[in-house]
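Q: In this note's numbering, the protein residues as written are 1 to 224. We put the beta carbon where it would ideally sit given N, CA and C, even for glycine. Can you keep this structure in mind? I'll have questions shortly.
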């Protein structure tokens, strides 16, 4: 019998397997849906419910660890941007670690999240490569095109999170009738991602401080 994490990863894989000719919009949608699956599961296993922010911020979840996402001699700019988007989507923290004459990207987070991050990264990496090939005859600078796709994926995720924060802060301000009822329910579901992000940020920070001490992390999406 599959364990809960295995079942969740199976759902993520099934989600990412949809569509034989994925578009940028479909890729962004898949990333957001995967994020919601991880958020719902993460809050459930933490047994925090509506009190997600009331726990001890210095208590590290025992399942938090680190996993190598990618190692290569040189990361392209669009790959770095994609890693930043994937890390945020999966509630993980990406760190660059020197590896001889190359770079190793390590993800900090719950085991199920780092595993899902690998699945999502591989999927989106392939999508961007396919989109690049499909538009190779239409664009002058292919690497810039790929970077633009990676940035837009991250921007769409950030825009969605900003909207979730606004919806969360204004919850209850309007009457719940008709469309307002549906909107409120949708906003509550999306707010799970924000709550899980706050929880994961504390867990990941605690793990990094315990293992590495106080370190200054860089936003991987801005690293060349």
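Got a sec? Which residues, its chain only, sit under 7 Å from residue 40 by beta carbon, not counting five neighbours each side?
A: These residues qualify, in order along the chain: 192.
Q: What is the DSSP secondary structure of residue 154, reduced to helix, strand or coil?
A: Helix, per DSSP.
Q: Can you give me the C-alpha to C-alpha distance between residue 43 and residue 113, rounded to a whole angstrom?
A: For residue 43 and residue 113, the distance between alpha carbons rounds to 12 Å.
Q: In three-state terms, what does DSSP make of residue 7?
A: Correct three-state label for residue 7: helix.
Q: Looking at the strands, I want to know which residues DSSP matches up with residue 71.
A: Answer by DSSP bridge pairing, in chain order: 104.
Q: Thinking just about the alpha-carbon of each residue, which of 157, 79, 209, 109 is nearest to the one in residue 129?
A: Answer by Cα proximity: 79.
Q: Does the stretch 193–207 come within contact of the stretch 98–105, defined as at least 3 CB pairs closer than 8 Å?
A: Output reads no: the stretch 98–105 does not touch the stretch 193–207.
Q: If residue 117 and residue 87 are in contact, beta carbons under 8 Å, what's the gap, nearest whole angstrom?
A: Yes, they are in contact, since the Cβ atoms of residue 117 and residue 87 sit about 7 Å apart, within 8 Å.
Q: To the nearest angstrom, how far is the alpha carbon of residue 231 from that of residue 147?
A: Since the first residue of the chain shown is 1 and the last is 224, residue 231 is not available in this structure.
Q: Pull the bridge partners of residue 209 from the DSSP assignment, please.
A: Answer by DSSP bridge pairing: none, since residue 209 is not bridged.
Q: What does the alpha-carbon distance come out to for the pair residue 67 and residue 111?
A: If you take the alpha carbons of residue 67 and residue 111, they lie about 8 Å apart.
Q: So, for residue 176: in the same chain, excluding its five sequence neighbours on each side, which residues have a beta-carbon less than 6 Å away from its beta-carbon?
A: With a pLDDT of only 47 at residue 176, under 50, the local geometry of the prediction cannot be trusted, and the value read off the model is given with reservation. Excluding residues within five positions, the ones whose Cβ falls inside 6 Å are 184.
Q: Is residue 230 buried or exposed, if buried means 16 or more other CB atoms sit within 10 Å of its CB?
A: In the structure as shown, the chain begins at 1 and stops at 224. Residue 230 is therefore absent and cannot be evaluated.
Q: Can you give me the C-alpha to C-alpha distance between residue 6 and residue 140, rounded to a whole angstrom?
A: So the alpha carbons of these two residues sit roughly 43 Å apart.
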